[in-house]
Structures are given as structure tokens and as C-alpha cells.
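S.K.: Protein chains in written order, with this note's numbering: chain S, 5 to 341; chain E, 5 to 341; chain F, 5 to 341; chain W, 5 to 341. For reference, the structure I am asking about is given below.
Number of protein chains: 4
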Amino acid sequence: MIIVFKKSATEEEISHVVDRIKSLGLAVHLSKGEERTIIGAIGDESLLASTPLEALPGVEKVMPILKPYKVVSRDFKAEPTVIDVMGTKIGAKEVRVIAGPCSVETMDLLKDCATKVKEGGASFLRGGAFKPRTSPYSFQGLGEEGLKFLAEAKKETGLPIVSELMDPRDIELLCEYVDIIQIGARNMQNFRLLTEVGRVKKPVLLKRGLAATIKEFLMSAEYIASQGNTDIILCERGIRTFETATRNTLDLSAVPVLKQETHLPVFIDPSHATGKWSLVTPLSMAAVAVGADGLMIEVHSDPENALCDGEQSLKPAKFAELMKMIGGIAATVGRTV
Amino acid sequence: MIIVFKKSATEEEISHVVDRIKSLGLAVHLSKGEERTIIGAIGDESLLASTPLEALPGVEKVMPILKPYKVVSRDFKAEPTVIDVMGTKIGAKEVRVIAGPCSVETMDLLKDCATKVKEGGASFLRGGAFKPRTSPYSFQGLGEEGLKFLAEAKKETGLPIVSELMDPRDIELLCEYVDIIQIGARNMQNFRLLTEVGRVKKPVLLKRGLAATIKEFLMSAEYIASQGNTDIILCERGIRTFETATRNTLDLSAVPVLKQETHLPVFIDPSHATGKWSLVTPLSMAAVAVGADGLMIEVHSDPENALCDGEQSLKPAKFAELMKMIGGIAATVGRTV
Amino acid sequence: MIIVFKKSATEEEISHVVDRIKSLGLAVHLSKGEERTIIGAIGDESLLASTPLEALPGVEKVMPILKPYKVVSRDFKAEPTVIDVMGTKIGAKEVRVIAGPCSVETMDLLKDCATKVKEGGASFLRGGAFKPRTSPYSFQGLGEEGLKFLAEAKKETGLPIVSELMDPRDIELLCEYVDIIQIGARNMQNFRLLTEVGRVKKPVLLKRGLAATIKEFLMSAEYIASQGNTDIILCERGIRTFETATRNTLDLSAVPVLKQETHLPVFIDPSHATGKWSLVTPLSMAAVAVGADGLMIEVHSDPENALCDGEQSLKPAKFAELMKMIGGIAATVGRTV
Amino acid sequence: MIIVFKKSATEEEISHVVDRIKSLGLAVHLSKGEERTIIGAIGDESLLASTPLEALPGVEKVMPILKPYKVVSRDFKAEPTVIDVMGTKIGAKEVRVIAGPCSVETMDLLKDCATKVKEGGASFLRGGAFKPRTSPYSFQGLGEEGLKFLAEAKKETGLPIVSELMDPRDIELLCEYVDIIQIGARNMQNFRLLTEVGRVKKPVLLKRGLAATIKEFLMSAEYIASQGNTDIILCERGIRTFETATRNTLDLSAVPVLKQETHLPVFIDPSHATGKWSLVTPLSMAAVAVGADGLMIEVHSDPENALCDGEQSLKPAKFAELMKMIGGIAATVGRTV
């Protein structure tokens, strides 16, 4: 931790800060320059984390040296984390695709969609049973019935299931049916939910919040990891900016940045990021080119009649084309699909 | 709902959309201009809400006419909502101040702070028992013990209590101790939590999410109201922008905008918005000048040793000064403090 | 400057950076911690400004200690700058109001407006002769004829003139007619324009760019000041965020932050920030409450027929009311209007 | 144009708006629904552009039907624009790369860099002679001398030159030396500069402003095109968001969106967007995958000693690798490099 004093800081103010830091068990290196006095606090920075040094008189700014995340960082573990879900590896050479409808609607629609995304080349089936909707008047999902449909579709296709957890009270139920628990963007800082999924033995797909920095995204992963569960897939799905041409702004730079910072696999969800089906294929190609370990794609057999997110859903035939396109890209970056 | 077609839209594409709208029970007004064909869908717009018209071939854009919130809107109820908490009115002539520490730490500190904010003129005591912290390694709050301390402080000072709910499983417990349930910014779209607080008979203080538009903020209030609980206080606490000089950017324009759109009372939290105690008083004055019904202010008897948010907490003496300053402003806008 | 090395940095990489800094004439303080090696570069930080230390192998991050602005900073000059324009002081006890139409349209309209804003209590008349318009097909201003109208209105009312400079080629012409040169938000980083206005002896009203941080805003002021002209008025006029309920988001926190950082006077333009006349009065009140030295308000005698920004223009009667309201606020903060 | 009235709008208010629209020569279609009265204004929407209908009493909102840009839109011209610069085609099958140093520093460095980027496969040489720098104390470019060096490098390598125009007074000078005029992000709404480059017969590379929507970006292109020059290359270079891990957030979704909206070629500048050389290659690959017509890459023979942007410059060897990587991607999307 570096503490920079105001030009006007008095000797008293400076020694007060020095004493404060020493009392917490850290050593102090004091440097008086012509323009500013600076303190380097040497030792376990986390001891200072909850001390409001910036509130002390005379202090201009406080600059942490270390990153706040540990278990999820590359410094902690250099090799990439590979997650094995029923024999399907995530974070290894193969680019993995999770596909399926936004929400589970009927058994027939789901089975049809599951069969077709499997044919197209998807490795996982997604489908929401519990749906976070902006409006209380929109379709909220089928609940447990939806989970049962997903289990049925899994039995038929062999595709492992990804579905969202919205409420800590549903975790046991969800764990009976799904293979990967999804934490949605709006719950990225629902710390109780993160703690709960940190305690189960299921991989977690954690979506980046609309207004979350990469640092905060990794801190949320750290919440999960700190409870013991390190099978975490990070998923960028667009951040909120001033641009309205797309629903959110897909931050593809986050992929190589995350790859430098963490050992966890990184996925991209171009469907929610853009909100428009016509943009999904080009951005999926870009995602694979930039180094993503996988994609999450909304597919619906009948988007016109979808109860949720029809605008951004691909029809199965378009999805099959997308899979071919990303296959070509994957080959040029030394991966497979 | 207005549907605008692409210049290239075919007759077939247009009639497909017309049929789709009619099949949902709405009337269609078709207008063929030189540049564009336009449809006005006449009838209950909510019937179209989950129909992805933008996904239909030939459609360029879809423009809703009505606002998505109902119960919380001024159109629904013109007179301002006044909430009575143990005889203290919120949303009436008097500007109300909720003050207290970020988190409950010890009984002594809390009682000291409660006594002093009461002397300063606060109407409510705040204090977190369950704390949403960015890092899993930070102090997470005292839990039920913290609630008991709050109850004790209430007994001593008579100040009603405001405290945050993070988990639907805690709602019964919280309701035993607190007078206003706070929903934090990070949970503004935790729809399960909103549904739960919509079913109890306690006023709710709903904080705006960091990346929430005013429309989404009102939709979250609508979630609560749609369950029957309309005693909702809206609280703006800064939105996330590119500016880093303050923790977030306090959106004071939201106050007059919300006053036009909704009948609910509107509060401002300048402590979390700015993250710096030295900015709290000027922004509190601005908040009262712009028409806020109340303020939420962090006060700590010993900010240097606070376990949470010390940088932004006022000492009791500064808080007393703040109360005097906003008293003057309130008088010029026809209110009292 | 503090340089933090990656955990993986080698001895060679570290000594390369040390040598680089020494070769630029700075002293080096090296500190090897358990987690990270850190260098403090001691001496004139500006010598390092154009050295891309972050590009050197082994470097994790570089943290500057000093602020990049000098002449405009409080450290450089503690007392507030007071600008005298024809005897009217800006930045002193009196809150100053610049009012008038967005663009100069006709002599009659301008004279009418000027007379009325003077009656209302404005200290300066604004009016655009050169207009930066988003569309090439919109009204672009009257040019020199507009300046002549402004001079005429000044003769009649005695109000000094504020008008915008868009092109370095117009500076001499503009200086003949106006008393304060405005640099618009879109030109805040038009460095050639800044350099030019830095060389004349006219006060400059510099508007904050839509996407400019406070630091960049001050750097643009520094551009002007570095050429010799320190009569600079800073004007916050809304920043671009995701919120669409207002045209931009007025950042009122910028006022107390700027007051801490710089000695220059700070104005607020609520008309452009909100884009809606109904929000102008409450935000003007908030601006005075938060400590602004002045306001810039769009007033038009006939907003319905304005060629520019009619939506956000107050009628003269509404403006007179606004002046009364801010008079009350000013009194409670120890100022006059 | 659709005009939606408030629920509370009176008959008088509605007829006032009707009269206003009719007086401008448009026809009016009035529709009274249960919830809202709506007007469709039929005819030339541009006649209404400068009429502040939202300011009229009773009006809730105004929704334009048509896009504000014309000449640059796909509706106006369906086939892609191909620009021929000395026989090198931009916007055709081949992905084009502009490479070179941020600023021209010495003849030797420039020649060395030019030779190497040519060997690597670049089609154009970039280099700033006039530099927009955030600080007045940073290197501002060599001016005309820099242009002469560029001309020299062109003579030696045959690479056409791209360089930035900052000031309308320099346009003649610049046109003598360069083949493509660059308008920088900070000048995207410097309308005088846009007008000037619209009047010359040189292709223009227009960079997107940090806070510019895609609509505003196209309006700036329209400024140029409206003067007669339609040889415009659009260049996305990162937008300003809350994320600080990269300098700006590269908006790759803008590529397919722009491809739908306009016939102009679209380039990507990953160097400025990210500010970090290690991110340039993966994002270049993503840019080609998503459909960009070209790239603009900063290359410096000695980044450690660069006077500008060393952190984001690739060394020539890294650039050669990048070219190979994008070659593979280009092949899978049916293009060449």
C-alpha cells in the first residue's frame, strides 16, 4: 500500500498515519520528496483493507499494490483450470458451445431444440426454469416443471444441462437436475447466492454484471472459490454503456485480459450482449478468434413465438451455420470445436 | 405500439406482421409512406410485450407507446404517497434524514452514534447487520446480533430502524427488528427478494442499481408494488460512469424526473454516491434544493476505526452541521427538516 | 512515480527499469517485498511522462504520484481566481448567471430576450453565432451577422457577451464582439483551439466534454493557462452515461471536487445537461446549493419557434422565477445573486 | 414522426400541435386510444427536425421514424463503397492494414519502421506529424518536418501515407503530403474540420469519438459526405466506459451494425482502444473475424523510447506475427490480407 500525502499535510498528520499503520502490524517506509511525502506500508496489505486511510487528515490518496483476488488469480495458479462435466472438458483445447432456448416453455419445444443443437454441435443444453425478468408481468419461467423437462431432454440427447439459480432456497432442487449452475448478470454481486454455490460440488457459470469491472467480476469468482468450489466458468455478456444500437456492449477485450489475470475458463454470450440475432454469428466468430473457451448461444425452434428473448434467438439452421463458421476460426487459432 | 418496416420490406412480410398482431387481439392501423410503411397496433400493448416483433422479417424497429410500469406511476395515482412509520411521515412536507453507521459493530458504538444522530436531528437510524461486501475477506456484518443491537438503540432513542435485507431466508427475522427494509443497489434486480418484500407489511427503501436506468428502477418498484406493498421509498445513490474522481456519479436529475413519473417518495444517499465524507454536505444541500424527500447519511463516531466505509462517514459533529445547512435550504423550498 | 513489478519479474527486468529511470535523471528507491518488488522513482515526475514504463518487460503497473495539471491547481495557487469582465466579477461572492438563446436568430428576438434576461437578473448575455450541430442539415448559425446582433444587444442592455468559438480562423473576428469566449463541450480537446484562446486576453468559458474526466477537464484548462491566459471559467454541462431520461447526466459532484482541485470558478449549465426545460429550475437550485459560482441558462422568448434547442429553453417569465428561487438558495449559502 | 400525448393532454393542446405540424406542410394522422392520443406526422420528416415538438404543452414524447443520415446510409446506396488509393483498394475483398508509429520522430526511425511494416504486409504507413496530446507539456509532433519525413518514407517504400489533420488551417499543407487524411476521435464532432475535409478530393479516415453513438458517428460521416467527398473510412477505436482494465472498450459489435447501416468501409484500431500492446494481436484477429475491412496498428521499432504511446506499440517482429495470424482468420471468412 502506498499512501500519498497532500502538499499541505502537517508532521502531526503524517505521524498519525504512520502510527496507525504500525499499530496494525505493518512496517512503514517514509519518503519525503520535494512535492509530496509518501509512505510505503510493507507487510500484509489485507490487514489495511478495512482501514479507511483515505479518511485520515492529510492523506491525498491511497494506492494498493496487490490485487484483491487470490485463489482465482494466475499468480496463485499458473496452469489453466480445466473443468470436467460428465467427460466433457471445459477450458481445454476444444471450444465448447452451450445452446438452447432462453426459457423452457414446453417439453416438445425443448426436446426439438435440444435435438437440433446437439446435431449442430453444441456440447451443453441451456434453458431457464427460473427467469429473472425486468417486468413482474412477464413470463417468470416454469420452475421445477422446467427442470424436469430439462432432465428429460438430457436423457434423450445426452447433453449436460446449464440452468440459472436465482434464489438460495432453490439450490438443492436445482442441483438435482442441472450439471452447471448459472449465476445471472443481475446476481453477480448477490453475495449470498455466490456463497451458496461455493459450497456445492457443481461447476458454476458466472455471468459478468452489466456494470461490473473485470476486477469486481474476479472478486465475485473469488467469493465462490473462497468457499471451496473452484470449478468456475466466467462469462462476459455485454456491459452497459451509452451505446443503444446494441442492447449492451460486448467487451471482447475482457477475454485476453481475463486470460492474463486468471486461470479460469472464459465464455462469451453474444445473444444477450447484442439482443439481435443477426449479430450473434459474427460476434461468435470474433469471440473464438480472441481466445474464448466457449460460447453461450440462444437457440429457439420458433423465435417468433418465444416467450422470452425471441429477438436474439437463432433458429436451429442458423445455429448449425454458426457452428461451421466458428469451426474454421477455431482451426486457425489451434483449437477445435 | 408502432412498428416501422425496412424500406426493403415486402408485402408478404408486412401482412405477416399484421396477421400476427391481429391474432393477439389488437387492431392494426397501416400507413404506407413514401419512405417507410408503419403499423400502429391499437389495443392492450401488454399483449405484445413478450412477442418478439423485432425478430420478424422486414421489421426495422418497434416503438412502445406506453410506459411499462403502472401501479407506481403518476398516471395511476396523482397524489404523492406519504408513508407513516411509527408516526413519522415520509414524503410529506418534512425532509427526513436516515443516519447511522454503515455496519453495526458494537452495542456501545451504535448507541453512541444513535444518540448523537438523534440530537443532530435524524428521524431514522440506519445500520447494517447483513453487509454486501465486494470481497469475501471483508467484514460481513454481525447478523442477528447486529439486529438486536439496533433494537436496543431504538429502545433508547425512539428512532425507527432501517436495515438491509440480502437474502429471502432472512426476511422474517429482519421484520422482527426493523421498521424499514432496505434493498441494496446490488439487489435492485434480485427479483425474488423484491417479490418477498412486496408481500410483507413493512415500508421498503429501494436503492437504485449502479447501472439501472430510471425506467428499470421504477420497474423494480413495480415488482414490489405488484405484490401489494406500495410503501416504497426510492433512493438514488450514484450510478456507474467513466468518472473516477467520485466513487459513483450522483444523478440528482433523477429526483425531478422521478417526481414527474411516480408518486413515491425519493431519497438521496450522498455517502455511497461519492465515497468521500468531504462531499457529503454540499451534495446533501443540493439534494434538498432539487426536491428530495429525504437523505440517507453515513455517520460514525470514530470513522478512522470503522470496519466499513470509514472514508465516507461523517463524524457526529459534522452531521449536526449538515443538518443545519439543509435546514436553511429546506426553508427556501417550502419544506422543513 | 511508483513502479510495481509482476511476481514473475526477473532480476534482469528489474535492473533494466532501474537503469532506464536513472538515465532520465531520477533517483530510484527499490523495495523488495514478499509478494512484489516496487520502485519509487524520486525526482521530477514529468521527465517520465512520455516514457512508456508499462511497456517494459516485468512491469505490472505504473502509478503516478503527482497530478498532471499545475498552473490551474490549488497547490499552485490557493486563493480562488476572480475574473473581472467590464466590472462584473466572476468567482467572487455573487453567483453569476449567463442567459440567452441557444443561437442568435433575428435582431428583434435577441433584443427582446436580452432585455428580459437583464430584467430577470442575468449578468451576461449568451447567444451562438457559430453553432456546432450534430446534423449538417440543421441551422448552423448566422456567423458574423449574429455577432453584430449580439454587439447591438450589448449596446442596448449593457450585458457583456458570451459566444462560442468553433474555428481558430474566427478568433480575431470573435474577439471584436464578445467579452467571454466559449469553448463548447465537443471542442474541449480541440487542442489547437485551446492554444489559440490561451494566447488572447479574453476570459474563456470552457465546457466539460461529454466523456471527459475531471482530470482531463483540468488538463484542457491547463492547455489554455499554459499559454498565458488564466482567466478560465469551468462549466459542467452533463456527461454521457447509459441513462436516457435526461440528455446527459449532470455531474453536480464535480463542483465540490473541482473546488478542491482548482482555483478557477465553476459554472453549471443545466439546460444542455438535461435537455428539458422543466428540469432546469430545480437543477439550477441544486447547482447553487452545491457551491457553483454561476449558471448558464438557455432562455428564448418563443421556444416553440426556436431554431435550436427549443425543448430546453425557458421562457423569460420562467427565467425570472428561476432567478428568485436561486436567490433564496444563494442567501442560505452565504452568497448573493 | 410519431407524437405521443400525455394522458392529461387537453383538446386544445392536441389541436395546437396538429396546427403546428400542418403549418409546416405535413399531413396529420390522429389516433385517439383509450390510454393515449397519438399523432402520425406524414411527409418530409426533416421539416420537423428543428421544431421542438417536445416543448409543446401536452406532449409526452416524440419518436422519429427515419434515420437522420442519408448519403452514407445503405438505403441510399446498397453496394459497398470501395476506395481506390493509388491502386490499393479499401473496402474490397482484401483486408487492409495501416501501420506505423504513433508520431513521426526521426527520419531514421520512420524509414526503418516503414520498411519493416511493408515487409510485414502493411498496405499503408501511418505516422502523426500533428499530435493531439492530453497534456500541453507532452511532445506535440514535428509538424511540416514530420510530413516531409512521411513523404520520404513513401518514396522509399511506395506505401501511401495516412496522417492526422487537427486544424483547418493545415489542410492544404497536409494534402500535399498525405494520401488519406485522418480525423482523430477527439475531433469527430469538430464540424468545421469535417466540412473542410468534405471539400477536398482525398479519402478521409474518420475515427469514432470516445463518447459517440453509432448514429452520431454516421452523422459526422454525413457532414463530410454532404460536402461532396464520399471516400470515407470509418474507424472504431474504443469507447469510454466504466472499465479501466483497458484504456477504452473496443466496440466490435459496431462492425456488423455499421455494415448493416452504411455502405462505407469499416476499420478497427485495437492499439488505441486497448492501450496495451499485448492485447493488440488477439483483438486484431477478432476484428477480422467480425468483418472489419481493415486495421490500424501502431508499430514502433523501439517502443521503450517512443515519444508517444509506447505502451501500445508492437515491435516489427510482433507485427509480422500479427499479419500471419490475421491472414488465417481472413481466409476462413472469405477474404485475403
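By construction, the Cβ of each residue, glycine as well, lies at the ideal position given by its N, Cα and C atoms. Owing to the predicted nature of the structure, the values given are computational and were not obtained by experimental measurement.
With distance defined between alpha-carbon atoms, name the residue in S:Glu15, S:Phe9 and S:Glu109 nearest to Ile69 of chain F.
M.R.: Measuring from the Cα of Ile69 of chain F, the nearest candidate turns out to be S:Phe9.
S.K.: According to DSSP, Met67 of chain S sits in a beta bridge with which residue or residues?
M.R.: Bridge partners of Met67 of chain S: S:Ile6.
S.K.: In this structure, what does DSSP give as the bridge partners for Gly124 of chain E?
M.R.: According to DSSP, Gly124 of chain E bridges with nothing at all.
S.K.: Kindly say whether Ile7 of chain F, judged by its beta-carbon, lies nearer than 8 angstroms to any beta-carbon of chain E.
M.R.: Chain E, which has no Cβ nearer than 8 angstroms to the Cβ of Ile7 of chain F, makes this no.
S.K.: Counting along the chain, where does the alpha helix (DSSP H) carrying Gln264 of chain S start and finish?
M.R.: Where Gln264 of chain S is concerned, the enclosing alpha helix (DSSP H) stretches over Ala258 to Glu265.
S.K.: Less than 7 angstroms separating the Cβ of Leu57 of chain F from some heavy atom of the ligand MG?
M.R.: The ligand MG is not part of this structure, which contains no ligands at all.
S.K.: How long is the line joining the alpha carbons of Glu156 of chain S and Met192 of chain S, rounded to whole angstroms?
M.R.: Between Glu156 of chain S and Met192 of chain S, the C-alpha separation is close to 29 angstroms.
S.K.: Let's test the definition: count the other Cβ atoms within 10 Å of the Cβ of Glu247 of chain W and tell me whether it reaches 16, buried, or not, exposed.
M.R.: It is buried - the Cβ of Glu247 of chain W has at least 16 other Cβ atoms within 10 Å.
S.K.: Any C-beta of chain F within less than 8 angstroms: which residues of the region 247–269 of chain E qualify?
M.R.: Residues Glu247, Thr248, Ala249, Thr250, Thr253, Leu254, Asp255, Leu256, Ser257, Ala258, Val259, Pro260, Val261 and Gln264.
S.K.: Reducing DSSP to helix, strand and coil, say where Ser3 of chain F ends up.
M.R.: Only positions 5 to 341 of chain F appear in this structure, which leaves residue 3 of chain F out of reach.
S.K.: Tell me the DSSP bridge mates of Ala45 of chain S?
M.R.: Paired residues: S:Val32.
S.K.: Which of helix, strand or coil does DSSP assign to Gly298 of chain F?
M.R.: In this structure, Gly298 of chain F counts as strand in the three-state DSSP scheme.
S.K.: When the Cα atoms are used, what is the spatial distance from Phe80 of chain S to Glu226 of chain S?
M.R.: C-alpha separation (whole angstroms): 12 angstroms.
S.K.: Kindly give me the distance between the Cβ atoms of Asp174 of chain F and Val89 of chain F, rounded to whole angstroms, as I take these residues to be in contact under 8 angstroms.
M.R.: About 20 angstroms; that fails the 8 angstroms criterion.
S.K.: Any beta-carbon of chain W closer than 8 angstroms to the one on Val294 of chain S?
M.R.: It does; some Cβ of chain W falls within 8 angstroms.
S.K.: Alpha carbon to alpha carbon, how far is Gly232 of chain S from Pro207 of chain S?
M.R.: Looking at the two C-alpha atoms, the distance is approximately 11 angstroms.
S.K.: Could you tell me which whole beta strand (DSSP E) segments of length 3 or greater appear in the region 204–266 of chain W?
M.R.: Entirely contained in the region 204–266 of chain W, the beta strand (DSSP E) runs reaching 3 residues are, in chain order, 208–211 and 236–240.
S.K.: Given a cut-off of 8 angstroms, decide if Pro274 of chain E and Leu283 of chain E are closer than it, judged by their beta-carbon atoms.
M.R.: It is a contact, given that the beta carbons lie within the stated cut-off.
S.K.: Using a Cβ-Cβ distance cut-off of 8 angstroms, determine whether Lys11 of chain F contacts chain S.
M.R.: Yes - at least one Cβ of chain S is within 8 angstroms of the one on Lys11 of chain F.
S.K.: Could you tell me which chain F residues have their CB closer than 7 angstroms to the CB of Ala324 of chain E, listed as they occur along the chain?
M.R.: In chain order: nothing, as chain F lies at least about 17 angstroms away.
S.K.: If you reduce the DSSP assignment to three classes, tell me which class Leu114 of chain W lands in.
M.R.: Leu114 of chain W: helix per DSSP, three-state reduction.
S.K.: Ser107 of chain S bridges to which residues according to DSSP?
M.R.: DSSP lists S:Gly132 as partners of Ser107 of chain S.
S.K.: Could you please tell me which residues of the region 211–227 of chain W, in chain order, have their CB closer than 7 angstroms to any CB of chain F?
M.R.: Answer set for the region 211–227 of chain W: Leu214, Ala215, Glu220, Met223, Glu226 and Tyr227.
S.K.: Starting from Gly332 of chain W, find everything on chain S with Cβ-Cβ shorter than 7 angstroms and list it in chain order.
M.R.: Within 7 angstroms Cβ-Cβ: Thr336.
S.K.: Give me whichever residues DSSP pairs with Ser167 of chain W in a beta bridge.
M.R.: Ser167 of chain W is bridged to W:Ile185.
S.K.: If you draw a straight line from the C-alpha of Ile187 of chain S to the C-alpha of Ala133 of chain S, how long is it?
M.R.: Using only the alpha carbons, I get a separation of about 13 angstroms.
S.K.: Three or more C-beta pairs closer than 8 angstroms, one from the region 46–66 of chain E and one from the region 136–144 of chain S: is that the case here?
M.R.: Yes, since at least three Cβ pairs between the region 46–66 of chain E and the region 136–144 of chain S fall closer than 8 angstroms, the two stretches touch.
S.K.: For Cys312 of chain E, return the contacting residues in chain S, with the cut-off set at a CB-CB distance below 8 angstroms.
M.R.: Chain S residues near Cys312 of chain E: Ser54.
S.K.: Within its chain, find whatever has a CB closer than 8 angstroms to the CB of Glu315 of chain F; leave out the 5 residues flanking it on each side and keep chain order.
M.R.: Cβ within range, chain order: Gly279, Lys280, Trp281 and Pro307.
S.K.: Can you tell me whether DSSP reads Arg190 of chain E as helix, strand or coil?
M.R.: Three-state result, Arg190 of chain E: helix.
S.K.: Is Ala290 of chain E close to chain F, meaning its C-beta is less than 8 angstroms from at least one C-beta of that chain?
M.R.: Yes, because at least one Cβ of chain F sits closer than 8 angstroms to the Cβ of Ala290 of chain E.
S.K.: Could you tell me which chain F residues have their CB closer than 7 angstroms to the CB of Leu129 of chain E, listed as they occur along the chain?
M.R.: Those do not exist, as Leu129 of chain E stays about 26 angstroms from chain F at its closest Cβ, beyond 7 angstroms.
S.K.: Where in the region 296–336 of chain F do unbroken runs of the beta strand (DSSP E), each at least 3 residues long, occur, reported from the N-terminal end onward?
M.R.: Entirely contained in the region 296–336 of chain F, the beta strand (DSSP E) runs reaching 3 residues are, in chain order, 298–302.
S.K.: Skipping 5 residues on each side, what residues in its chain have a beta carbon closer than 8 angstroms to that of Gln264 of chain E?
M.R.: Closer than 8 angstroms at the Cβ level, and outside the excluded window around Gln264 of chain E, lie Arg78.
S.K.: Measuring straight from C-alpha to C-alpha, what distance separates Gly62 of chain S and Cys117 of chain E?
M.R.: Their Cα atoms are separated by approximately 25 angstroms.
S.K.: Pop quiz: Phe143 of chain W and Ser107 of chain W are said to be a contact at Cβ under 8 angstroms. What is the actual Cβ separation, rounded to whole angstroms?
M.R.: About 7 angstroms; that satisfies the 8 angstroms criterion.
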